[in-house]
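Asks: Quick note: the sequence shown, position 292, residue 293 per the numbering used here, numbers continuous.
All C-beta atoms in this analysis are idealised placements derived from N, C-alpha and C, irrespective of residue type, glycine included.
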Amino acid sequence: MEIVEYNNELLKIEFITSKIVRFHFSKDRIWKKNYSFCVNLEKFKEVDCEHREDNRAHYFLTSDLDIRIYKNPSKIQIYDRKGNLIISDYRDLGYVKKGNGIYSYKEMGREKAFLGFGERLGALNKKGKRIINWNTDEPNHEFERDPLYQSHPFFLAYSDLSYGLFYDSTAFSYFDMGFESKNYYYFFNQDDELDYYFIFGPSPKEVIENYTYLTGRCYMPPLWSLGLHQSRWSYDSEDKVYKIAELFRKKNIPCDALYLDIDYMEGYRVFTVNRKRFPNFEKMIGDLKKLGFKVVIIVDPGIKIDKKYKIYIEGLKEGLFCKKKTGEIFVGYVWPGKTVFPDFFKEKVRKWWGEKHKWFIDNGIYGFWNDMNEPSNFSKFDYYMMKLLFHVLHFKEPPDPFKAKNFEERIKQIKEKTLHQDVIHGDDEIFIHNKAHNVYGLMMTKSTFEGFREIKKEVRPFILSRAGFSGIQKYSAVWCGDNKSTWENLYSSIVTLQNLSISGVPFVGEDVGGFWRDCEKELFIRWIQLGVFYPFFRIHTAKNTRDQEPWSFGEEIEKIAKEYINLRYQLIPYIYSLFYEAKEKGIPLIRSFILEFQDEEVLSHEDEFMFGPFILVAPVYLRDKRERDMYLPKGFWFDFYTGKRYRGGSIIKVLAPLNRIPLFLREGSIIPMWDVQNYVGEKKQENLYLKIAPGEGRFLYYEDDGISWNYENGEFNLIEFYTFMKDGNQYLGIKFLKKGYESPIKKIIVKTFKNDFNFELKEGEFLIT
Ligand code: GLC
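1. Rounded to whole angstroms, what's the CA-CA distance from residue 293 to residue 680? Just pull it up for me.
2. Determine the extent of the alpha helix (DSSP H) in which residue 574 is found, giving its start and end residues.
3. For residue 769, which of helix, strand or coil comes out of DSSP?
4. Have a look at residue 701 and residue 204 and give me their C-alpha separation to the nearest angstrom.
5. Starting from the C-beta of residue 269, find all residues in its chain whose C-beta is less than 7 Å away, skip the five residues before and the five after it, and write them out in chain order.
6. Compute the Euclidean distance between the alpha carbons of residue 259 and residue 288, then round it to the nearest angstrom.
7. May I ask whether a heavy atom of the ligand GLC can be found less than 7 Å away from the beta carbon of residue 483?
8. When you compare only the Cα positions, how much space is there between residue 638 and residue 152?
9. Quick one: what's residue 58 bridged to in DSSP?
10. Please find out if some non-hydrogen atom of the ligand GLC comes closer than 7 Å to the beta-carbon of residue 234.
11. For a test of the three-state rule: what should DSSP assign to residue 114, helix, strand or coil?
12. Tell me which residues share the same chain as residue 412 and place their Cβ nearer than 7 Å to its Cβ, disregarding the 5 neighbours each side in the sequence.
13. Closer than 7 Å: is that where the CB of residue 307 sits relative to any heavy atom of the ligand GLC?
14. Using a Cβ-Cβ cut-off of 6 Å (strictly less than) and excluding sequence neighbours within five positions of residue 456, which residues of its own chain qualify?
15. Is there at least one non-hydrogen atom of the ligand GLC closer than 7 Å to the beta-carbon of residue 176?
16. Work out the CA separation of residue 29 and residue 6 for me, nearest whole Å.
17. State the DSSP-derived secondary structure class of residue 509, mapped to helix, strand or coil.
18. Leaving out five residues before and five after residue 745 in sequence, what residues of the same chain have Cβ atoms less than 7 Å from its Cβ?
19. So for residue 98, helix, strand or coil by DSSP?
20. Please say whether residue 422 and residue 435 have beta carbons closer to each other than 8 Å?
21. Assuming residue 185 contacts residue 108 (C-beta within less than 8 Å), just tell me the rounded distance between them.
22. On the CB-based measure, 16 or more other CB atoms within 10 Å of its CB, does residue 381 come out buried or exposed?
23. So, at 7 Å on beta carbons, what are the nonlocal neighbours of residue 63 in its own chain, with the 5 sequence-adjacent residues on each side left out?
24. Once you ignore the five residues that flank residue 506 on each side, which residues in its own chain have a CB closer than 7 Å to its CB?
25. Return the chain-ordered list of same chain residues with a C-beta closer than 7 Å to the C-beta of residue 113, the five sequence neighbours on each side being excluded.
26. Which residue wins for smallest C-alpha separation from residue 577, given the options 653, 379, 221, 723?
27. Name the DSSP beta bridge partners of residue 155, please?
28. Could you spell out the range, first to last residue, of the beta strand (DSSP E) harbouring residue 724?
29. Taking only heavy atoms of the ligand GLC into account, decide whether any of them is closer than 7 Å to the Cβ of residue 543.
30. Could you check if residue 263 belongs to the surroundings of the ligand GLC, using beta carbon to heavy atom distance under 7 Å?
31. Mapping DSSP to helix, strand and coil, what is residue 351?
32. If you compare alpha carbons, which of 398, 147, 368 is closest to residue 407?
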């Protein structure tokens with residue numbers, strides 16, 4: 002660590018690795034911030050760096066970076082070791098204090114695009130845009146609406162020298178990425194110190210790898226959570242849940258998870274069961290388990306004020322709820338009416354909350370869905386309005402709460418509507434709400450995760466969260482909240498999930514079929530075809546909307562839906578292996594073209610993406626379309642369905658009848674696949690199929706027991722499959738890189754587009770032409 006002067010402040014510089022450098026500025030020459038909600042600084046040992054100083058500047062050299070801090074005027078510049086400028090402060094405006102706010106300006110240089118920023122609507126590239134960090138329950142996902150439920154003050158600046166900046170500030174903040182001027186971009190935060198990390202690539206993948214090295218990576222999800230999840234607000238009685246489960250099995254449509262939304266509770270009181278609707282809840286969970294279903298239940302943070310309700314009484318007695326500066330408990334309005342909020346910033350609260358899951362876990366619930374944790378808080382008026390609209394008038398979508406005329410008005414509205422500025426949090430560290438708001442959901446989810454691990458040590462939980470902050474991937478999957486059954490929102494999901502993935506969160510998805518409004522059949526099937534390639538694949542819809550199960554849109558749609566859900570189940574070994582890469586390196590499953598290709602064109606095609614290294618997905622997002630234009634990046638490609646070969650580097654027209662989403666395999670693809678099954682674990686998967694495209698490629702196949710934490714003790718296998726050409730023939734190589742688990746595989750069945758070949762699973766090189 003080094004400390005230097007910067008304007009009239011002090012600047013602490015820490016070298017986390019040779020490519021990750023922390024810049025922490027003092028405020029009025031002192032540092033008060035000595036915490037982070039997502040970076041575990043104790044984990045890192047600083048790396049060596051050479052320090053030199055002269056009249057003009059301080060010079061710091063790591064093995065990858067050349068950092069110069071000029072003295073008069075103050076200015077930070079970072080070069081690579083070849084002398085290329087990567088990033089520079091804009092003039093001497095790297096640190097500007099105005100009242101309670103801090104601005105940090107950077108020069109607009111070689112950056113072609115800015116991506117990431119977490120969960121965002123609008124175009125993939127945010128150059129020229131402004132972006133707000135304030136977790137907001139936003140029910141209207143129209144184009145460029147901002148912000149949504151999560152805050153990730155991180156972006157990836159894309160160029161030949163890609164880098165990332167992560168501002169470790171939980172306070173209200175925003176980015177101006179060249180909206181105000183073409184010459185600079187800046188970050189603003191209110192109330193906090195300026196504490197950011199420069200993260201070098203130079204490739205975009207390396208930026209993500211380094212960013213997640215800093216903020217954490219996911220764990221291996223339980224295998225069942227990679228299947229289909231079926232949800233609605235709400236399957237609100239035992240009968241309904243049984244009926245859905247039985248229909249899935251009767252129709253042989255694979256499905257692993259069924260959801261209980263807020264109506265399973267007694268008057269929306271968390272950790273209760275409504276016994277009128279679910280008289281035999283425990284038995285139901287057991288029966289569903291026999292049918293191969295896991296049940297995921299919703300858990301909201303808001304606790305109903307009710308003097309007879311155990312959770313409320315306990316929390317009140319123990320002082321577990323959020324308070325205002327005056328000492329008074331803060332009261333808001335959510336689904337249960339008048340509500341108090343647990344203060345997840347206290348360790349005692351997190352522990353208490355975690356323990357509350359015990360009864361459910363003991364009864365076989367391994368999936369928890371944390372919702373409304375921005376935290377969302379309605380006003381009294383909105384609450385009664387919502388009741389009237391949804392329960393009496395059977396509305397299918399709420400009125401738009403944030404119809405702002407401009408940026409400033411939007412900031413005012415979201416801050417007024419979402420929470421209570423005078424609340425304070427924590428005990429040792431007292432946080433004003435402005436600094437706690439954006440991490441409230443992260444803390445809730447952490448508490449759920451840690452509670453689960455305490456209670457059921459041997460099983461990996463599935464946790465789903467709506468709100469989040471950088472690092473959420475360590476605890477949970479993320480879905481992007483309340484979209485609509487519109488073509489526009491099907492489209493926006495393609496882009497939003499790319500940026501969220503770039504932000505280090507691999508386990509992501511959106512409500513398939515759309516949440517608000519009635520879905521129509523064509524939209525539904527196009528969304529199912531796309532949802533197969535969401536890492537988190539869940540159908541969900543709002544109260545009062547029409548049914549949204551795979552069979553709800555007639556026979557033709559059901560048949561196509563089944564075919565694609567089957568495909569999803571076949572792809573599970575590919576998906577699971579990709580999660581291993583996400584766990585080890587932070588590389589997401591949904592990959593923007595910039596992560597996989599270097600060619601010039603890749604930025605202009607945000608409506609396609611790579612699913613892992615091999616599968617190119619070109620979704621259909623317009624009504625009545627039976628073909629689409631799409632770009633194939635340079636190289637050779639093979640139509641997934643027919644094997645037809647294409648030369649990339651140009652835009653082509655492809656057919657997309659209703660029963661086909663355009664999919665292409667990259668040359669050298671090796672896709673491990675399973676036989677279809679009704680749910681994960683139904684069949685012992687003794688056959689491993691390898692779908693192989695011509696060319697040379699490599700895939701790291703991962704397997705373990707799919708449910709326990711034993712992989713942490715080395716109980717897993719890593720098998721390298723590779724293909725190569727020799728004398729005009731194609732060969733498959735098999736190599737064990739790690740053997741720690743007894744593989745169920747008895748047979749490897751290679752499927753080229755022309756032939757099938759069977760092998761035993763053993764090391765060697767085999768002819769497959
Ligand atoms: C929120 C969630 C939605 C859920 C509803 C009722 O709107 O985003 O998914 O169904 O609350 O719990």
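Replies: Let me lay it out:
1. 6 Å
2. 573-586
3. coil
4. 21 Å
5. 263, 305, 336, 337
6. 13 Å
7. yes
8. 37 Å
9. 71
10. yes
11. strand
12. 133
13. no
14. 359, 362
15. no
16. 12 Å
17. strand
18. 685, 686, 687
19. strand
20. yes
21. 6 Å
22. exposed
23. 16, 19, 48, 50
24. 473, 474, 479
25. 159, 160, 604
26. 221
27. 167
28. 718-727
29. yes
30. yes
31. helix
32. 147
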